[in-house]
Amino acid sequence: MTTMDSPARTFPFSTPDRFDIDPFFAQLRAEEPVSRITLPFGGDGWLITRHEDVKTVLTDARFSRAAAVSRGIPSIQPIPPIPELVMWMDPPEHTRLRKLVTKEFTTGRVEAMRPWVRETVASMLDGMVSTGQPADLVEHLSLPLPVMVICELLGVPYADREQFRHWSDAQMATTQFDVEAMVAAQHAMYEYFMALIAKRRADPKGDLLSALVRAHDDGERLSEGELVAMAITLLVTGHETTAMEITNFTYLLLQRPEKYAALCADPSRVPRAVEEMLRYVPLDVGGSYGRIAVEDVEMGGVTIREGDAVFVSSLSANRDLAVFAHPDELDLEREDNPHLSFGAGVHYCLGARLARMELQEALGAIVRRFPGLSLAVPEEEIQWRKGMIVRGPFTLPVGW
Ligand code: HEM
8 MTTMDSPART
18 FPFSTPDRFD
28 IDPFFAQLRA
38 EEPVSRITLP
48 FGGDGWLITR
58 HEDVKTVLTD
68 ARFSRAAAVS
78 RGIPSIQPIP
88 PIPELVMWMD
98 PPEHTRLRKL
108 VTKEFTTGRV
118 EAMRPWVRET
128 VASMLDGMVS
138 TGQPADLVEH
148 LSLPLPVMVI
158 CELLGVPYAD
168 REQFRHWSDA
178 QMATTQFDVE
188 AMVAAQHAMY
198 EYFMALIAKR
208 RADPKGDLLS
218 ALVRAHDDGE
228 RLSEGELVAM
238 AITLLVTGHE
248 TTAMEITNFT
258 YLLLQRPEKY
268 AALCADPSRV
278 PRAVEEMLRY
288 VPLDVGGSYG
298 RIAVEDVEMG
308 GVTIREGDAV
318 FVSSLSANRD
328 LAVFAHPDEL
338 DLEREDNPHL
348 SFGAGVHYCL
358 GARLARMELQ
368 EALGAIVRRF
378 PGLSLAVPEE
388 EIQWRKGMIV
398 RGPFTLPVGW
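According to this note's numbering, the sequence shown is numbered sequentially starting from 8.
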């Protein structure tokens, strides 16, 4: 039986290649669904691998984010959590902050942006075609699209993208950047947003940043630190993951030409295919930001003690046979798909609707326009990011 004293395994278990998932996750789901791990920075914790248990941790107030800040928590990143970030808060502070931004991410708001996103995708692909083959999809679409969308929504000048691109990468690093570089990037982002907030205060616009400045100034509903932290969170989370997934999904489809051809023949299948690719592609390297148990919890045959660190693996949950038929197969027609790629509970991804819409528009435009799309280099030449929280290729050279 697994207990606190069971030997902890080094985590992540391996450095995954492309979309590989360490087979050990399947073994743990079957034999030891709540197991001891040692994280690269700060010590041991519990790893949760079954869908049902992952969902419980994500939705149960006995697992706290705020306690992870106040008590300290091991991590796959070398820097400590920032207490003013919404993902490191519990209700009621979390609820107060999220309420200030949720109205920007409702179905209505996201759908209102869809025509503009469609036009933007079309003009980005025009740009790609005009440069000629082969062209890098990352440079022409995957990266600029989510950056432009979040800049527009938040009110950050798109012209500054090169600066915050580097800062944002540093926030998402595990081992790719050293601690000094990560901290320096945080400081640079804080300074950048302090200056931008001062500008919006003097000359408000119709964007989300101006609305947040108003919320701070009118009713002190968020502190200046929280205001800056929210802006940084939205900028970073708003583009990194979506950018990776546009590239990852395209790469995945190019590895399976018959599935790509089926989508080209019937692009109305794209939304369902996007859900399945969200489930199937292991975006992170296997863990997540952790939580601390604030009381003893029985789970998977073990007692998680009050004060223990707990980490969920959504990539493992997404392959759980108890929930998904033939979980290791990419089934673009899958109907029932309760994947956990956007999390669950109070921290459920704020931008999930926006991300889905961007992915649908990007993939929809690709399959409509380029039925002959192919990789322009041998697969082995594609360079994958390493030492980062999320996976994806640096570039995706394609021809059409
Ligand atoms: C494919 C793209 C995306 C994926 C896979 C993704 C995934 C996730 C996941 C798994 C979480 C929950 C983490 C946790 O439990 O703490 C999360 C939270 C969050 N996401 Fe996303 N995300 C994506 C795109 C976006 C976009 C476009 C935005 C836009 C602003 C965004 C904003 C956020 C924010 C602010 C949180 C923190 C929510 C909170 O703590 O209450 N994400 N995301």
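Beta carbons: idealized from backbone N, C-alpha and C, even for Gly.
- Roughly how many angstroms separate the alpha carbons of S71 and G399, rounded to a whole number? The count along the sequence shown starts at 1 and reaches residue 71 at position 64. The count along the sequence shown starts at 1 and reaches residue 399 at position 392. Cα to Cα, S71 sits roughly 30 angstroms from G399.
- Check whether the Cβ of Y197 sits closer than 7 angstroms to any heavy atom of the ligand HEM, and report yes or no. For the purposes of this step, residue 197 is taken as the residue at position 190 of the sequence shown. For the ligand HEM, not one heavy atom lies less than 7 angstroms from the Cβ of Y197.
- Roughly how many angstroms separate the alpha carbons of L285 and E39, rounded to a whole number? Numbered from 1 along the sequence shown, position 278 holds the residue referred to as residue 285. Numbered from 1 along the sequence shown, position 32 holds the residue referred to as residue 39. Rounded to whole angstroms, L285 to E39 spans 26 angstroms at the Cα level.
- Task: Can you tell me the Cβ-Cβ gap for V186 and I86, rounded? I've got them flagged as a contact below 8 angstroms.
- Result: Position 179 of the sequence shown, counting from 1, holds the residue named residue 186. Position 79 of the sequence shown, counting from 1, holds the residue named residue 86. Their Cβ separation, rounded to whole angstroms, is 6 angstroms, which keeps V186 and I86 in contact under 8 angstroms.
- Query: Could you give the uninterrupted runs of the alpha helix (DSSP H) lying entirely in the stretch 70 to 130, keeping only those of 4 residues or more?
  - Reply: 73 to 78, 100 to 109
- Message: Checking 8 angstroms against the spacing of the C-beta atoms, do Q487 and A383 come in under that value?
- Response: Residue coverage of the chain in this structure runs from 8 to 407, which leaves residue 487 outside it and unanswerable.
- Message: Between which residues of its own chain and D327 is the CB-CB distance below 7 angstroms, once the five residues before and five after are set aside?
- Response: For this step, residue 327 is matched to residue 320 along the sequence shown. These residues qualify, in order along the chain: R36, R57, H58, P334.
- Item | beta-carbon M155 near the ligand HEM non-hydrogen atom, thresh 7 angstroms | Counting from one through the sequence shown, the residue named residue 155 turns up at place 148. No, since every heavy atom of the ligand HEM falls outside the 7 angstroms radius drawn around the Cβ of M155.
- Task: For C158, verify whether its CB is less than 7 angstroms away from any heavy atom of the ligand HEM.
- Result: In the sequence shown, residue 158 corresponds to position 151, counting from 1. C158 Cβ: outside cutoff for every heavy atom of the ligand HEM.
- Message: So the candidates are V317, W391, R263; which of them puts its Cα closest to the Cα of G50?
- Response: For the purposes of this step, residue 50 is identified with residue 43 of the sequence shown, where counting begins at 1. Answer by Cα proximity: V317.
- Message: Could you tell me the alpha carbon to alpha carbon distance between M120 and D67, rounded to whole angstroms?
- Response: Here the question's residue 120 lines up with position 113 in the sequence shown. Here the question's residue 67 lines up with position 60 in the sequence shown. One C-alpha to the other measures close to 33 angstroms.
- Return yes when at least one heavy atom of the ligand HEM lies under 7 angstroms from the C-beta of T248, else no. In the sequence shown, counting from the first residue as 1, residue 248 sits at position 241. For the ligand HEM, at least one heavy atom lies less than 7 angstroms from the Cβ of T248.
- Item | Complete runs of the beta strand (DSSP E) confined to the stretch 233 to 313 [at least 3 residues] | 298 to 300, 304 to 306, 309 to 311
- Message: Any contact between the stretch 112 to 131 and the stretch 198 to 218? By contact I mean 3 or more CB pairs, one from each, below 8 angstroms.
- Response: no
- Item | the stretch 367 to 387 contacting the stretch 266 to 273, beta-carbon criterion three pairs below 8 angstroms | yes
- Message: Assuming T22 is part of the beta strand (DSSP E), what are its boundary residues?
- Response: Start at 1 with the first residue of the sequence shown, and residue 22 comes out as number 15. Looking at the DSSP string, T22 is not in any beta strand (DSSP E), and its letter there is neither H nor E.
- Query: Do the CB positions of A75 and R341 come within less than 8 angstroms of each other?
  - Reply: Locating residue 75 in the sequence shown gives position 68, counting from the first residue. Locating residue 341 in the sequence shown gives position 334, counting from the first residue. Not closer than 8 angstroms, so no.
- Query: Could you check where the beta strand (DSSP E) with P400 kicks off and where it finishes?
  - Reply: Taking the sequence shown and counting its residues from 1, one reaches residue 400 at position 393. No beta strand (DSSP E) contains P400, which DSSP labels as neither H nor E.
- Task: Have a look at D210 and P164 and give me their C-alpha separation to the nearest angstrom.
- Result: Along the sequence shown, read from residue 1 onward, the residue named residue 210 stands at position 203. Along the sequence shown, read from residue 1 onward, the residue named residue 164 stands at position 157. About 14 angstroms.
- Are the beta-carbon atoms of A129 and M135 separated by less than 8 angstroms? In the sequence shown, counting from the first residue as 1, residue 129 sits at position 122. In the sequence shown, counting from the first residue as 1, residue 135 sits at position 128. No, the pair does not count as a contact, with Cβ atoms beyond the cut-off.
- Query: Does the distance from the CB of V288 to the CB of E252 come in under 8 angstroms?
  - Reply: Translated into positions along the sequence shown, residue 288 becomes position 281. Translated into positions along the sequence shown, residue 252 becomes position 245. Yes; because the gap between Cβ atoms is below 8 angstroms, this pair is in contact.
- Query: Does the stretch 24 to 31 come close enough to the stretch 304 to 318 that 3 or more CB-CB pairs lie under 8 angstroms?
  - Reply: no
- Query: Going by other Cβ atoms of all chains shown within 10 Å of its Cβ, with 16 needed for buried, is F112 buried or exposed?
  - Reply: Position 105 of the sequence shown, counted from the start, is the residue given in the question as residue 112. Buried is the call here.
- Item | Residue of L339, L241, N325 minimising C-alpha distance to L107 | In the sequence shown, the residue the question calls residue 107 occupies position 100. Of the candidates L339, L241, N325, the one whose C-alpha sits nearest the C-alpha of L107 is L241.
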